[in-house]
Amino acid sequence: MDENGFATPTTFKHHSNEELKEEMIALSTNYPSITRLYSIGTSVEGRDLLVLEVSDNPGVHEPGEPEFKYVANMHGNEVVGREMLLLLLKYLCENYGTNPQVTNLINTTRIHIMPTMNPDGYQRAQEGDYGSVLGRPNANKVDLNRNFPDQYGPTRWNRKLEPETAAVMSWIKSYPFVLSANLHGGSLVANYPYDDNHSQTNGIPNPTPDDDVFKMLAKVYSNAHPTMHIPTPCKDQPREVFPDGIVNGANWYVVPGGMQDWNYLNSNCFEITIEMGCMKFPQASELQQYWLQNRLSLVSFIEAVHKGVSGFVRSTEGNGIANATISVFGIEHHVISAAAGDFWRLLLPGNYSITTSAHGYDHYLSNSELTEALKSVEKINPIVAEFQADNSFISEFIHSLKITEN
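Numbers 1 to 406, taken from full-length UniProt numbering, label the letters of the sequence shown in order.
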């Protein structure tokens with residue numbers, strides 16, 4: 001492998017929409033055993049919204065295996081993430097089978113990567129753009145990161161869903177995604193929900209019930225980046241200093257109708273937004289440096305999908321129960337089991353009481369079944385998990401799993 005981590009020569013350049021499609025087709029053709037190329041829909045102007053899946057069993061949800069996604073170029077003129085994801089795809093494919101970290105990641109995770117959510121906006125953007133809005137919206141001149149339904153009600157930007165937004169919402173509902181990042185540009189920070197607040201006022205934090213988890217996830221990316229975790233403002237925003245390289249979205253500025261909040265409130269998926277650099281459309285000559293700065297962060301963040309607790313919800317007959325609710329005592333946010341009864345719940349290290357419930361079941365998970373499930377997690381990961389039974393029997397299916405740092 002060369003200094004950039006690739007087995008074959010790499011040209012660091014900005015790819016046109018057609019070139020991007022050709023590169024993704026080439027990767028799926030050259031690595032058919034670990035990739036699957038698919039489209040989730042089309043843009044206003046009819047361009048495919050392409051996703052390349054990377055997995056040791058592409059096209060199949062393997063029960064017990066978490067699903068992860070990256071989305072970039074939501075704003076058409078914010079292009080660093082678009083090129084980083086194309087490079088990441090190449091890196092994952094070329095390192096599978098030789099790099100233990102990459103091989104393990106692909107063997108244990110179903111990864112979905114969408115380099116561009118807004119190909120129409122990209123068509124209008126210009127190389128060298130530092131901070132304009134040329135190419136930012138889609139072809140209907142709508143900012144896609146204001147177009148999702150918002151918890152505080154409709155706005156003038158999201159009363160009508162754009163085709164790109166509707167396609168992504170359907171995509172999120174179609175896969176049991178656990179973790180995601182949305183790659184932007186214009187600053188250097190990892191931004192986490194919520195992105196707005198009830199008063200729609202900048203500078204007022206609005207933490208989710210999983211605020212500590214989101215801070216941890218944001219730091220996974222920031223700390224693996226050589227400079228993001230060092231509070232250094234962009235030249236045009238000298239007062240923007242982000243401790244540890246992370247920020248609550250609403251505490252920065254409000255974004256009604258944002259995608260990361262919609263993920264959290266309407267699916268199992270925890271999403272953060274990565275601002276990858278101060279310049280929105282840098283010169284192609286700078287892309288190699290961006291790659292070297294972000295490669296470890298991009299990989300480390302995917303690995304974070306395995307943090308927390310996972311398992312299966314099964315009936316007394318041993319059948320998986322889909323759409324069961326998994327609740328953590330003290331955290332007012334629940335996740336739902338997938339089709340096979342498998343679930344994933346991102347959590348910090350600690351002691352937790354976890355319950356499950358499902359419509360039509362008197363006892364949704366028996367005491368002995370949950371005991372064995374959590375013991376199996378400890379057995380597989382003895383360094384990071386410690387099973388503890390709750391002897392109070394207030395509920396026959398309450399137990400706890402202590403999770404420690406890996």
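For every residue, glycine included, the Cβ atom is placed at its ideal position computed from N, Cα and C.
Everything numeric in this text was worked out from a predicted model, so none of it was measured.
- Inter-residue distance for E240 and E317 is about 57 Å (C-alpha atoms, whole angstroms).
- Ranked by how close their Cα comes to the Cα of W157, the residues A284, P137, I326 have P137 in first place.
- Secondary structure remark: continuous alpha helix (DSSP H) runs of at least 4 residues inside the region 85-160, in chain order: 100-108, 119-124.
- Membership of R47 in any alpha helix (DSSP H) is not indicated, and neither H nor E is assigned to it by DSSP.
- The beta carbon of K215 sits closer than 8 Å to the beta carbons of Y192, I246 from its chain, once the five residues preceding and following it are set aside; these are given in chain order.
- As DSSP reads the structure, H184 sits in a beta bridge with E275.
- Straight-line measurement puts the Cα of P66 at about 21 Å from the Cα of N99.
- With the rule of 3 Cβ pairs closer than 8 Å, the region 163-170 does not count as touching the region 272-283.
- If the five residues before and after G128 are omitted, its C-beta is found closer than 7 Å to the C-beta atoms of F281, Q283, all from its own chain and listed in chain order.
- With the rule of 3 Cβ pairs closer than 8 Å, the region 198-209 counts as touching the region 248-264.
- T29 has its alpha-carbon roughly 13 Å from the corresponding atom of E53.
- For I25, there is no enclosing beta strand (DSSP E); the residue is part of the alpha helix (DSSP H) that begins and ends at 17-30.
- Per DSSP, reduced to three states, the secondary structure at K13 is coil, with no helix or strand assignment.
- Note on geometry: alpha-carbon atoms of H359 and S327 lie some 14 Å from one another.
- Judged by DSSP secondary structure, T355 falls within the beta strand (DSSP E) whose first and last residues are 353-357.
- Taking a C-beta distance under 9 Å as the contact criterion, R295 and N4 qualify as a contact pair.
- Membership of K69 in the beta strand (DSSP E) is indicated by the continuous run 67-72.
- Under the DSSP assignment, I331 falls in the beta strand (DSSP E) whose first and last residues are 331-336.
- Distances from the CA of G41 to each of S222, V51, R110 were compared; the closest alpha carbon is that of V51.
- Contact check for K219 against D236 fails: the beta carbons are separated by 9 Å or more.
- Following the DSSP letters along the chain, one finds F214 in no beta strand (DSSP E) but inside the alpha helix (DSSP H) bounded by residues 211-224.
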